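Novice: Keeping their order, the protein sequence lines are chains A and R.
Here my numbering is used: position 105 in the first sequence is 109, and no number is missing along the way.
Here my numbering is used: position 40 in the second sequence is 1177, and no number is missing along the way.
Quick one: the structure is below, questions incoming.
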Amino acid sequence: KAGVTQTPRYLIKTRGQQVTLSCSPISGHRSVSWYQQTPGQGLQFLFEYFSETQRNKGNFPGRFSGRQFSNSRSEMNVSTLELGDSALYLCASSTGLAGGLETQYFGPGTRLLVL
Amino acid sequence: AQSVTQLGSHVSVSEGALVLLRCNYSSSVPPYLFWYVQYPNQGLQLLLKYTTGATLVKGINGFEAEFKKSETSFHLTKPSAHMSDAAEYFCAVSDRAGGTSYGKLTFGQGTILTVHP
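Structure, rendered in structure tokens:
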């Protein structure tokens, strides 16, 4: 089975721009979670989508949004980029059917640099 | 709210020595517990997890961890370190039930393991 894929792998943007990141989950998985990883704050949960619905979200401003399509692929969008948004953005997929005990399978991440 | 503390942001061992990475959680109800490893420029890979049952959990690459409820700990060990074990290790927890359990892992700050020849 193919793993979780994320595109693009690297991205450079300037402050004020917006960006869209994409995540394709493992085939058959219906849940996609997004995380931000920075040296200062570590790994932080952004939100989770299951069957095109957001089921859970972390404590991030409204500039961070996401969506999920009927094929379970997910996108996250960050509007009005700030320097502090520079980070590795990871997505993870799971079946979404077993709650907190499920294993999440992570993609390689998208590294975003905001100048 | 849950929290996870990993004692020691950097751990250095010699090849063949015992690896011990510490993790403590703070939660009124014992959560599900996970250890992940991250190699440079890669995503996270699951090493092992504890959900229910036997408190000593064996994972991949010779790692194991023991859930100790009385100590709210879930330390990761490996009897003999290998050079290929050099990476960053993350302890994580998730809620057992409810809306906050969906797709959300709460991570510790990570421990970078260095293995010396």
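Note that the Cβ used here is the ideal one computed from N, Cα and C, for glycine as well.
Only a predicted model underlies this, so the values are computations on that prediction, with no experimental measurement involved.
What residue range does the beta strand (DSSP E) around residue 84 of chain A cover?
Specialist: Within the first sequence, residue 84 of chain A is the residue found at index 80, counting from 1. Per DSSP, residue 84 of chain A belongs to no beta strand (DSSP E) and is neither H nor E.
Novice: Helix, strand or coil for residue 76 of chain A per DSSP?
Specialist: Counting from 1 along the first sequence, the entry for residue 76 of chain A is found at position 72. Reduced to three states, the DSSP call for residue 76 of chain A is coil.
Novice: Of the choices A:116, A:119, A:112 and A:117, whose alpha-carbon is the least far from that of residue 1182 of chain R?
Specialist: As a working mapping, residue 1182 of chain R is identified with position 45 in the second sequence. Answer by Cα proximity: A:112.
Novice: At a CB distance below 8 Å, what residues from the stretch 1190-1219 of chain R approach chain A? Give them in sequence order.
Specialist: Result list empty, no residue passes.
Novice: Given that a residue counts as buried once 16 or more other Cβ atoms are within 10 Å of its Cβ, and exposed if not, what is residue 43 of chain A?
Specialist: Counting from 1 along the first sequence, the entry for residue 43 of chain A is found at position 39. With fewer than 16 Cβ atoms within 10 Å of its Cβ, residue 43 of chain A is classed as exposed.
Novice: Let me know the secondary structure DSSP gives residue 11 of chain A once reduced to three states.
Specialist: Position 7 of the first sequence, counted from the start, is the residue given in the question as residue 11 of chain A. The answer is strand: DSSP assigns residue 11 of chain A an E or B state.
Novice: Roughly how many angstroms separate the alpha carbons of residue 82 of chain A and residue 19 of chain A, rounded to a whole number?
Specialist: Position 78 of the first sequence, counting from 1, holds the residue named residue 82 of chain A. Position 15 of the first sequence, counting from 1, holds the residue named residue 19 of chain A. Taking the straight line from one Cα to the other gives about 11 Å.
Novice: Between the alpha carbons of residue 1197 of chain R and residue 1203 of chain R, how many angstroms are there, rounded?
Specialist: Looking up residue 1197 of chain R in the second sequence gives position 60. Looking up residue 1203 of chain R in the second sequence gives position 66. C-alpha separation (whole angstroms): 14 Å.
Novice: Just verifying my parser: in three-state terms, what is the DSSP assignment at residue 103 of chain A?
Specialist: Translated into positions along the first sequence, residue 103 of chain A becomes position 99. If DSSP states are grouped into helix, strand and coil, residue 103 of chain A belongs with the helices.
Novice: With residue 1187 of chain R as the anchor, note down where its beta strand (DSSP E) starts and where it stops.
Specialist: One-based indexing of the second sequence puts residue 1187 of chain R at position 50. That run of the beta strand (DSSP E) goes 1181-1187.
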